[in-house]
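As structure tokens, the structure follows; a few thoughts come after it.
Protein chains: 2
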Amino acid sequence: MPKQTASRSRSVRGSRTGRPIMALLDLLGRRWSLRILWELRDGALTSRGLRTACDEASPTVLQARLGELREAGFVELGDGGGYSLTALGRELCATFMPLHRFAERWRDKSDA
Amino acid sequence: MPKQTASRSRSVRGSRTGRPIMALLDLLGRRWSLRILWELRDGALTSRGLRTACDEASPTVLQARLGELREAGFVELGDGGGYSLTALGRELCATFMPLHRFAERWRDKSDA
DNA sequence: GCACAATGCTACATAATCTGTAGCACGACG
DNA sequence: CGTCGTGCTACAGATTATGTAGCATTGTGC
Numbered sequence: 001m002p003k004q005t006a007s008r009s010r011s012v013r014g015s016r017t018g019r020p021i022m023a024l025l026d027l028l029g030r031r032w033s034l035r036i037l038w039e040l041r042d043g044a045l046t047s048r049g050l051r052t053a054c055d056e057a058s059p060t061v062l063q064a065r066l067g068e069l070r071e072a073g074f075v076e077l078g079d080g081g082g083y084s085l086t087a088l089g090r091e092l093c094a095t096f097m098p099l100h101r102f103a104e105r106w107r108d109k110s111d112a
Numbered sequence: 001m002p003k004q005t006a007s008r009s010r011s012v013r014g015s016r017t018g019r020p021i022m023a024l025l026d027l028l029g030r031r032w033s034l035r036i037l038w039e040l041r042d043g044a045l046t047s048r049g050l051r052t053a054c055d056e057a058s059p060t061v062l063q064a065r066l067g068e069l070r071e072a073g074f075v076e077l078g079d080g081g082g083y084s085l086t087a088l089g090r091e092l093c094a095t096f097m098p099l100h101r102f103a104e105r106w107r108d109k110s111d112a
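Below, the structure written as structure tokens:
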């Protein structure tokens, strides 16, 4: 259990600096965080569907990340079940989209 | 020491899917990876300077991430000492820049 | 040459985190 | 009722991070 269970930023390391970018960088720099956002990018997924999409990652971490991501307001759990991005989460995901093209070029340069 | 010291993609989980975005997401989704890229964004830093910038993180992890980031071709160690981004690394960092503005809006909405 | 400081980097024990498997409570269907 | 799927949790073992100390090397001044 972290130090606090307060509002947001319970133990988001970077938040100590007061710069929100640090908090965000820390939140996203946790295992499966980026991946979860990415997999949710084009539609809702159930917890088990998300697990499948995430290469059978442990439900333990997935639930932890999902909790943090929900607390941050990026992800929400629909009433009929199934996780999806909030409007804010979609914005964040859009920010990450150029990464896709970059990844392609990265591989090309690496293999060269 | 990890299992291999091979080219790239030694144990980058996502790379199993063959999609480079997964490898990238996994690499960046490790502790301090994003932060290192961010701190290097506007200039070179020595290993100890980077440590200071990264809130006194352990040199162990920093060296590990630095090694992975160098292997990926995002970071390089100058001959006179000091780490800096490669051209590819700067490209990647540029991709992340919109995150800064997003982080500001994120805080605004969270605090609201 | 020799102390001195700074560099990149590593060792090691402790603590935190992730993995993998199993299973819970709940609700919807039949 | 039985079975399925949902979100979610427990727990032991493996992995990774933390924190402190220190190494080898290089440059600088004396």
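So the protein lines, in turn, are chains R and E.
UniProt numbering numbers the first residue of the first sequence as 1 and each following residue consecutively.
UniProt numbering numbers the first residue of the second sequence as 1 and each following residue consecutively.
Ideal Cβ placement from N, Cα and C applies to all residues, glycine included.
From a predicted model like this one, the values you see are computed outputs, not experimental measurements.
Quiz item: Which term fits R:M22, buried or exposed, when burial requires 16 or more other beta carbons within 10 angstroms of its beta carbon?
Solution: Mapped onto the first sequence, residue 22 of chain R falls at position 22. R:M22 counts as buried, since at least 16 other C-beta atoms from the protein chains shown sit within 10 angstroms of its C-beta.
Quiz item: Would R:F96 be called buried (16 or more neighbouring beta carbons within 10 Å of its own) or exposed?
Solution: Counting from 1 along the first sequence, the entry for residue 96 of chain R is found at position 96. Buried, because 16 or more other Cβ atoms sit within 10 Å of the Cβ of R:F96.
Self-check item: chain E within 9 Å of R:L66, Cβ atoms only
Solution: Within the first sequence, residue 66 of chain R is the residue found at index 66, counting from 1. R:L66 is outside the set of residues whose beta carbon lies under 9 Å from a beta carbon in chain E.
Quiz item: Whose Cβ in chain E lies nearer than 7 Å to the Cβ of R:A103?
Solution: Here residue 103 of chain R is taken as the residue at index 103 of the first sequence, counted from 1. Simply P20, I21, L24.
Quiz item: So, is R:R101 buried or exposed, given that buried needs 16 or more other C-beta atoms within 10 angstroms?
Solution: Within the first sequence, residue 101 of chain R is the residue found at index 101, counting from 1. Taking every protein chain shown into account, the CB of R:R101 has fewer than 16 other CB atoms within 10 angstroms, so this residue is exposed.
Exercise. Note the first and the last residue of the continuous alpha helix (DSSP H) segment covering R:L25.
Key: By 1-based counting over the first sequence, the position of residue 25 of chain R is 25. Taken as a continuous stretch (DSSP letters only), the alpha helix (DSSP H) holding R:L25 covers 20 to 28.
Quiz item: Is E:L40 helix, strand or coil by DSSP?
Solution: Here residue 40 of chain E refers to the residue found at position 40 when the second sequence is read from its first residue. If DSSP states are grouped into helix, strand and coil, E:L40 belongs with coil.
Quiz prompt | Neighbour-count burial assignment, R:E68, 16 or more Cβ in a 10 Å radius | solution = Numbered from 1 along the first sequence, position 68 holds the residue referred to as residue 68 of chain R. With 16 or more other Cβ atoms within 10 Å, it is buried.
Quiz prompt | Whole-angstrom distance between R:L37 and E:R8, CA atom to CA atom | solution = Taking the second sequence and counting its residues from 1, one reaches residue 8 of chain E at position 8. Taking the first sequence and counting its residues from 1, one reaches residue 37 of chain R at position 37. Confidence at E:R8 is low in this model, with a pLDDT of 38, below 50, so its placement is unreliable and no value can be given for it.
Quiz item: So which of E:L24, E:D26, E:L25, E:E56 has the shortest CA-CA distance to E:E39?
Solution: Locating residue 39 of chain E in the second sequence gives position 39, counting from the first residue. Per the Cα distances, E:E56.
Quiz item: Run through DSSP, which three-state label would R:E56 get?
Solution: Within the first sequence, numbered from 1, the residue matching residue 56 of chain R stands at position 56. Three-state DSSP puts R:E56 in coil, outside helix and strand.
Quiz item: So which residues of chain E does R:E91 contact, with C-beta pairs closer than 7 Å?
Solution: As a working mapping, residue 91 of chain R is identified with position 91 in the first sequence. Within 7 Å of the CB of R:E91, the CB atoms of chain E belong to F102, in sequence order along the chain.
Practice problem: Please report how far the alpha carbon of E:Y83 lies from the alpha carbon of E:V75, in whole angstroms. | Solution: Here residue 83 of chain E is taken as the residue at index 83 of the second sequence, counted from 1. Here residue 75 of chain E is taken as the residue at index 75 of the second sequence, counted from 1. Cα-Cα distance, rounded: 7 Å.
Practice problem: Locate the beta strand (DSSP E) running through E:L77, then write down its first and last residues. | Solution: What you label residue 77 of chain E is simply residue 77 of the second sequence in a count that begins at 1. Counting along the chain, E:L77 sits inside the beta strand (DSSP E) bounded by residues 75 to 77.
Quiz prompt | Cβ-Cβ distance between R:L34 and R:L25 below 9 Å | solution = Indexing the first sequence from 1 puts residue 34 of chain R at position 34. Indexing the first sequence from 1 puts residue 25 of chain R at position 25. The criterion of a C-beta distance shorter than 9 Å is not satisfied by R:L34 and R:L25.
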